[in-house]
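Residue 55 in the numbering used here sits at position 55 of the sequence shown; the count goes up by one each step and never skips.
Even glycine gets a Cβ: it sits at the ideal position worked out from N, Cα and C.
Worksheet for the structure shown next.
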Amino acid sequence: MAVIAISRESGARGSRIGRKLAERLGYLYVDREVIHEVSLEYGVRQDEFERIYEHAPGILERYGRRNREIVQLISRIILGIACRQNVVIVTRDAFAALREYVDVLNIRVTARRSIRLQRLQEEHDLNRQQARAMLDRL
1 MAVIAISRES GARGSRIGRK LAERLGYLYV DREVIHEVSL EYGVRQDEFE RIYEHAPGIL
61 ERYGRRNREI VQLISRIILG IACRQNVVIV TRDAFAALRE YVDVLNIRVT ARRSIRLQRL
121 QEEHDLNRQQ ARAMLDRL
């Protein structure tokens, strides 16, 4: 198994880089959508997945049993994929899920804030103020 885990800032185009890397290496590409589809098969509702994946839970949410179950499931999905295939994983939780494995290449993709703002404006048809608010939320 060869695993490359990519985390990225919004607008840094880490997903695009991950796709190209996987294609060039002949590896499987796994992102949020793949993790989401598998989690649906295990009974995680759309709203639950969005809440856990997209937003950092507050102190009370962090200790909720269902939230812990979903976070553990996401980690198990990532581990299951990583243990069986050569893969490029571009998700929020890959670094944490694979932290005990020494043979994982962890990459963080960043870009200057001004570039990220411009890309978000173009990709989401936002004005500068909306793009700035989006970056501040993420």
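Alpha-carbon spacing of residue i relative to residue j, whole angstroms
i      : j       : result
Ala-12 : Arg-113 : 9 Å
Arg-92 : Arg-116 : 18 Å
Arg-68 : Thr-110 : 29 Å
Glu-50 : Gln-130 : 21 Å
Ile-52 : Ile-74  : 10 Å
Ala-94 : Arg-128 : 31 Å
Option nearest residue i by Cα separation, candidates the options
i       : options                            : result
His-124 : Ala-5, Ser-10 and Ile-6            : Ser-10
Met-1   : Ile-52, Leu-105, Glu-41 and Arg-45 : Leu-105
Arg-66  : Val-44, Arg-76 and Ile-77          : Val-44
Three-state secondary structure assigned by DSSP to residue i
i       : result
Tyr-29  : strand
Ser-39  : helix
Val-102 : coil
Ser-7   : strand
Arg-92  : coil
Val-87  : strand
Query raised in the report: Does the region 79–96 come close enough to the region 13–26 to have 3 or more Cβ pairs within less than 8 Å?
Result: yes
Query raised in the report: Would the region 70–87 and the region 29–40 be scored as touching if the rule is three or more Cβ pairs under 8 Å?
Result: yes
Query raised in the report: Do three or more CB pairs link the region 130–137 to the region 111–121 at distances below 8 Å?
Result: yes
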